[in-house]
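K.L.:
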Amino acid sequence: MKHSVTNKWIPLFIFAILFLTSCAPGNIRFDEAPAGFLMGLWHGFISLFTFIISLFTNDVGIYEVNNSGWSYNLGFILGIMFFYGGGTKGGSRKWK
Numbered sequence: 000m001k002h003s004v005t006n007k008w009i010p011l012f013i014f015a016i017l018f019l020t021s022c023a024p025g026n027i028r029f030d031e032a033p034a035g036f037l038m039g040l041w042h043g044f045i046s047l048f049t050f051i052i053s054l055f056t057n058d059v060g061i062y063e064v065n066n067s068g069w070s071y072n073l074g075f076i077l078g079i080m081f082f083y084g085g086g087t088k089g090g091s092r093k094w095k
């Protein structure tokens, strides 16, 4: 009996989601020191996963409230742009 190709990827997908959300925004560790540029970049990368989790729990937020200001915001926006493509997909089509 052959196993489906998708069955091989399910454990990896579950592991990836758990790994990516392990340091999601709203973590208690940012109470002492605010989140900076690199954490903003990371939170931008995992924004889709944290959004899905935030629908089911109040413990996880999409955006870290205790942040360092403009550097966190810049990292967050860049992380979202890198993860979602940054609008370059629409401009790469050839005109006929």
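Sequential numbering of the sequence shown, starting at 0, is according to numbering that gives the first Met the number 0. Note that the Cβ used here is the ideal one computed from N, Cα and C, for glycine as well. Owing to the predicted nature of the structure, the values given are computational and were not obtained by experimental measurement.
When DSSP builds the beta bridges, which residues end up paired with ALA34?
P.N.:
BP columns for ALA34 point to ASN66.
K.L.:
Within a Cβ cutoff of 8 Å, which residues of the same chain sit near GLY35, ignoring the five residues on either side of it in sequence?
P.N.:
ASN66, SER67, SER70, TYR71, GLY74
K.L.:
Once the 5 residues before and after GLY39 are set aside, which same chain residues still bring their CB inside 6 Å of it?
P.N.:
TYR71, GLY74, PHE75
K.L.:
Are the CB atoms of PHE82 and SER46 nearer to each other than 9 Å?
P.N.:
In this structure, PHE82 lies near SER46, with their beta-carbon atoms less than 9 Å apart.
K.L.:
So, helix, strand or coil for LEU47, using DSSP?
P.N.:
helix
K.L.:
Taking the beta carbon of MET0 as the centre, do at least 16 other beta carbons fall within 10 Å, making it buried, or is it exposed?
P.N.:
Because the pLDDT of MET0 is 49, which lies under 50, any placement of that residue in the model is unreliable, and the number read from its coordinates should be weighed accordingly. Exposed, because fewer than 16 other Cβ atoms sit within 10 Å of the Cβ of MET0.
K.L.:
Between GLY43 and SER53, is the Cβ-Cβ spacing less than 9 Å?
P.N.:
No, Cβ-Cβ distance for GLY43 and SER53 is not below 9 Å.
K.L.:
Under the three-state reduction of DSSP, which class applies to GLY78: helix, strand or coil?
P.N.:
helix
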